[in-house]
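Single-structure report; data block below.
Residue numbers (this note's numbering): 4 to 193.
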């Protein structure tokens, strides 16, 4: 007696070809196995501190005030974006509307959040190498926040934030203009 085995790619192909009575949008991990289009805007060069030099006690998640940050884009080439911040110990997840998807908007969002949390509320933030974080020097100079950069192509180094962003995509799918998402909807999602 032999058992049939199926590759996950075969199952996704069957879903894409409507051979199964399942919609891709209803799957928990919808779309994460899809390849992304190549980046055409060029590469950002970061000279900031590596996540490797971050104090080891931050990894133990015993102290409030160490964050992971990222950006959620609408999928359009221009327009608003969302800045997402996750505190590592409490798992507090904060979603902020950004006026644009550039470094000035993200820098302003980080500084505003730091001001709201107070001097001891935000000590460090770990981010990726996106262009929106190129204003990290301004963040470090205008506040007591240390900015650490995760390794390229290593989203697991900021895994909690990436996981929450993926859950956020269930409510705000790619291609959905963020301008059309009301502040009330953001509060409910948050």
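Cβ atoms here follow ideal geometry from the backbone N, Cα and C, with glycine treated the same way.
Next item on the list: Ignore the nearest five residues each way along the sequence and tell me which others in residue 157's own chain have a CB closer than 8 Å to its CB.
Entry: none
Next item on the list: Pick helix, strand or coil for residue 72, following the three-state DSSP scheme.
Entry: Correct three-state label for residue 72: strand.
Item checked: Three-state class that DSSP yields for residue 131 in the structure shown -> coil
Next item on the list: Let me know the secondary structure DSSP gives residue 52 once reduced to three states.
Entry: strand
Checklist line | Uninterrupted beta strand (DSSP E) stretches inside the region 88-129 (no shorter than 3 residues) | finding: Runs of the beta strand (DSSP E) lying entirely within the region 88-129 and spanning at least 3 residues, in chain order: 96-101.
Item checked: Nearest neighbour of residue 87, chosen from 108, 81 and 67 [CA to CA] -> 108
Check: Whose C-alpha, out of 6, 114, 138 and 118, is nearest the C-alpha of residue 51?
Finding: 138
Margin query: Nearest by alpha-carbon distance to residue 182: which of 85, 147 and 119 is it?
Written below: 85
Check: Assuming residue 89 contacts residue 164 under a Cβ cut-off of 8 Å, what Cβ separation, rounded to an integer in Å, is found between them?
Finding: 4 Å
Note to self: DSSP has residue 86 in a bridge; who is on the other side?
What the structure shows: 74 and 99
Checklist line | Reduced DSSP category for residue 151 - H, G, I as helix; E, B as strand; rest coil | finding: strand
Next item on the list: State yes or no: is the C-beta of residue 129 within less than 7 Å of the C-beta of residue 151?
Entry: yes
Checklist line | Beta-carbon gap between residue 161 and residue 170 smaller than 7 Å | finding: no
Check: According to DSSP, is residue 203 helix, strand or coil?
Finding: Only positions 4 to 193 of the chain appear in this structure, which leaves residue 203 out of reach.
Next item on the list: Could you have a look at residue 25 and say whether DSSP puts it in helix, strand or coil?
Entry: coil
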